[in-house]
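Protein chains in written order, with the numbering used here: chain X, 470 to 767; chain L, 205 to 521. Where is the CB? At the ideal position from N, CA and C, for every residue including glycine. Nothing here was measured: the structure is a model prediction, and the numbers come from that model.
Written as structure tokens, this is what we have:
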């Protein structure tokens with residue numbers, strides 16, 4: 470099946486948006502039209518072709534966390550405007566608009582939760598908030614997520630969907646990459662697992678820092694994940710990119726991720742992996758068979 | 205080296221070349237001495253005046269000046285026993301990053317820097333200082349090697365950014381950069397980074413997780429190139445000049461945001477007007493930094509780096 474061709478049936482963007490709005494939805498993958506509830510009930514995965522559409526942070530909690538419960542950390546951290554940046558519209562204005570629309574202070578939520586019975590330090594990027602871009606708040610929360618993982622001996626599960634570093638905070642955004650990775654390394658030293666979950670799309674400064682440094686990297690089907698965005702690459706090399714370039718399947722083929730996992734199977738998969746990693750795995754999950762004794766080498 | 209003169213440099217370059225001509229004549233005519241000295245002073249003063257209020261975009265142009273000293277020009281001037289090391293042990297060798305071991309004031313060090321080319325042919329080989337994953341994997345290998353043998357690491361940053369291409373993506377540009385950040389964060393040796401030209405984005409940061417970060421007076425450091433910023437914000441790459449101003453990417457701002465710890469002076473008219481003097485300034489700053497860090501033990505060095513980067517950011521709450 471070709472990807473990501475959209476069969477819009479000759480409707481322009483405006484018509485498409487208003488087409489049966491709130492009642493019907495059209496799948497971005499197969500173009501099938503269905504009642505909105507069918508897509509929503511299936512966590513925005515097309516029941517016909519399995520196409521994954523964008524899922525809100527709240528729905529992710531419902532899908533992955535036991536009782537949909539997140540004891541959120543640092544929800545009140547909010548962006549400052551160190552550069553006094555404006556691109557026609559000021560940065561504080563952009564932030565305020567995103568905050569109103571997203572009911573959150575910035576593009577990442579973190580907290581303590583349980584996943585399939587295992588306590589975790591959980592983080593999820595919200596792409597709807599300024600493209601999931603990483604400024605000081607996001608970087609700080611990433612660092613705290615890993616540090617709290619170490620402090621409370623929790624594995625870290627981080628869902629990423631981000632256009633990269635946030636330009637409006639300039640060099641400070643770039644510095645967040647180093648900060649996040651340094652904190653990630655503390656979790657490594659503490660021998661606690663980091664499951665990195667790559668969602669559509671993850672590029673730039675988030676991709677090129679901690680995103681690929683998971684002990685296990687998993688991606689949603691057909692997520693676009695890469696260093697440079699496709700438009701930048703096409704402009705640089707002046708040629709069309711091959712189909713499926715930088716998609717999850719491409720990443721798997723090139724050895725960059727461990728598994729492609731459907732959103733609907735993610736909770737069970739991650740739970741299973743965390744139980745294998747954890748020394749405190751429930752006895753039922755452990756083999757009762759004794760390992761043979763090793764003999765001393767002569 | 206091919207002559208290349210930016211419009212705002214022209215008055216200085218004209219004066220400097222007149223001084224040079226006069227100096228040749230002065231060998232035969234003592235009377236020209238005073239005139240020569242007068243002109244030399246004038247050139248210095250003019251350079252100072254013109255360079256005192258360069259715009260951010262002019263500094264971007266200087267940071268990219270094709271005559272500007274590159275990593276190997278500094279190596280040549282203050283690294284002895286230079287032994288270049290190649291390859292990532294996985295796929296290939298990438299000349300956009302040059303690396304090797306040598307001695308700095310007698311002490312064994314590892315040197316890793318972006319390397320731009322001189323002229324078209326050399327620049328093709330060096331890919332204009334834009335590394336592929338192989339370059340970053342070579343760097344990472346040598347960070348780890350330096351850590352194992354307790355060699356201080358000196359890095360030199362000078363890249364528009366990591367190369368955005370098909371092969372680079374196929375071979376994991378993101379992972380290669382992320383892994384460099386991790387190795388630098390972990391290393392239990394002093395790391396001194398010097399931004400000698402342009403520091404573009406993650407491709408620069410992969411050499412930048414240091415205990416001390418220095419920037420040359422006309423060096424730049426930014427989250428994205430001004431061209432990239434302009435094309436994203438205004439869908440117009442030609443507004444790069446405006447983007448350069450808004451991103452606050454020149455030395456004084458970098459110091460203010462604590463992204464760099466020290467601004468290293470450049471000779472009058474910029475590093476390319478006197479590469480030897482520029483190298484002496486860079487060398488001096490590295491000596492100071494190494495001395496400053498000499499009281500820290502291995503674990504403390506890694507902690508110092510953690511503390512440095514952990515504190516960077518601006519937020520409310």
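is_contact[residue i, chain L] using C-beta, thresh 8 Å
i	result
residue 545 of chain X	yes
residue 682 of chain X	yes
residue 620 of chain X	no
residue 551 of chain X	yes
residue 449 of chain X	Residue 449 of chain X is absent from the model: chain X starts at 470 and stops at 767.
residue 537 of chain X	no
residue 609 of chain X	yes
Backbone CA spacing between residue i and residue j [nearest angstrom]
i	j	result
residue 595 of chain X	residue 428 of chain L	22 Å
residue 707 of chain X	residue 519 of chain L	40 Å
residue 471 of chain L	residue 243 of chain L	17 Å
residue 554 of chain X	residue 430 of chain L	14 Å
residue 669 of chain X	residue 693 of chain X	5 Å
residue 495 of chain X	residue 697 of chain X	29 Å
residue 599 of chain X	residue 507 of chain X	28 Å
residue 671 of chain X	residue 514 of chain L	23 Å
residue 266 of chain L	residue 292 of chain L	32 Å
residue 514 of chain X	residue 622 of chain X	33 Å
residue 238 of chain L	residue 360 of chain L	40 Å
residue 208 of chain L	residue 420 of chain L	20 Å
residue 478 of chain X	residue 493 of chain X	Residue confidence for residue 478 of chain X is low, a pLDDT of 48 falling below 50, so the modelled location carries little weight and cannot support an answer.
residue 461 of chain L	residue 247 of chain L	33 Å
residue 240 of chain L	residue 503 of chain L	55 Å
residue 251 of chain L	residue 216 of chain L	6 Å
residue 619 of chain X	residue 590 of chain X	10 Å
residue 388 of chain L	residue 499 of chain X	45 Å
Proximal residues of chain L, C-beta to C-beta of residue i below 9 Å
i	result
residue 548 of chain X	518, 519 and 520
As assigned by DSSP and simplified to three states, the class of residue i
i	result
residue 471 of chain X	For residue 471 of chain X, the predicted model reports a pLDDT of 48, less than 50, meaning its position is unreliable; a value from the coordinates is still stated below. Residue state, collapsed to three classes: coil.
residue 274 of chain L	coil
residue 217 of chain L	helix
residue 521 of chain X	strand
residue 477 of chain L	helix
residue 392 of chain L	coil
residue 296 of chain L	coil
residue 668 of chain X	strand
residue 285 of chain L	strand
residue 692 of chain X	coil
residue 517 of chain L	coil
residue 493 of chain X	strand
residue 464 of chain L	coil
residue 686 of chain X	strand
residue 551 of chain X	coil
residue 367 of chain L	coil
residue 591 of chain X	strand
residue 608 of chain X	helix
Proximal chain X residues relative to residue i, where beta-carbon distance stays under 9 Å
i	result
residue 458 of chain L	640
7 Å Cβ cut-off: residues of chain X touching residue i
i	result
residue 427 of chain L	634, 636, 639, 640, 642 and 643
residue 374 of chain L	723
residue 405 of chain L	643
Chain-ordered chain X contacts of residue i [CB-CB under 8 Å]
i	result
residue 377 of chain L	677, 695, 696 and 697
residue 452 of chain L	552, 639 and 640
Identified DSSP bridge partners for residue i
i	result
residue 425 of chain L	L:403
residue 512 of chain L	None, per the DSSP bridge assignment.
residue 542 of chain X	X:579
residue 417 of chain L	L:397
residue 629 of chain X	X:667
residue 358 of chain L	L:315 and L:396
residue 728 of chain X	X:687
residue 307 of chain L	L:284 and L:312
residue 716 of chain X	X:693
residue 504 of chain X	X:493
Residue-chain proximity (residue i, chain X), Cβ-Cβ < 8 Å
i	result
residue 437 of chain L	yes
residue 422 of chain L	no
residue 370 of chain L	yes
residue 510 of chain L	yes
Within chain L, partners of residue i - CB distance below 7 Å
i	result
residue 498 of chain X	Neighbours of residue 498 of chain X on chain L: none; closest Cβ ~23 Å, over 7 Å.
residue 646 of chain X	385, 406 and 409
residue 629 of chain X	Result: empty, since nearest Cβ-Cβ is about 11 Å, beyond 7 Å.
residue 715 of chain X	373
residue 705 of chain X	368 and 369
Chain-ordered neighbours of residue i on chain L, where CB pairs are closer than 8 Å
i	result
residue 601 of chain X	Simply none; closest approach about 15 Å.
residue 674 of chain X	405, 406 and 427
The ligand COA heavy atom lying under 7 Å from the CB of residue i
i	result
residue 233 of chain L	Summarising the ligand content, the structure contains no ligands, and the ligand COA is consequently not present.
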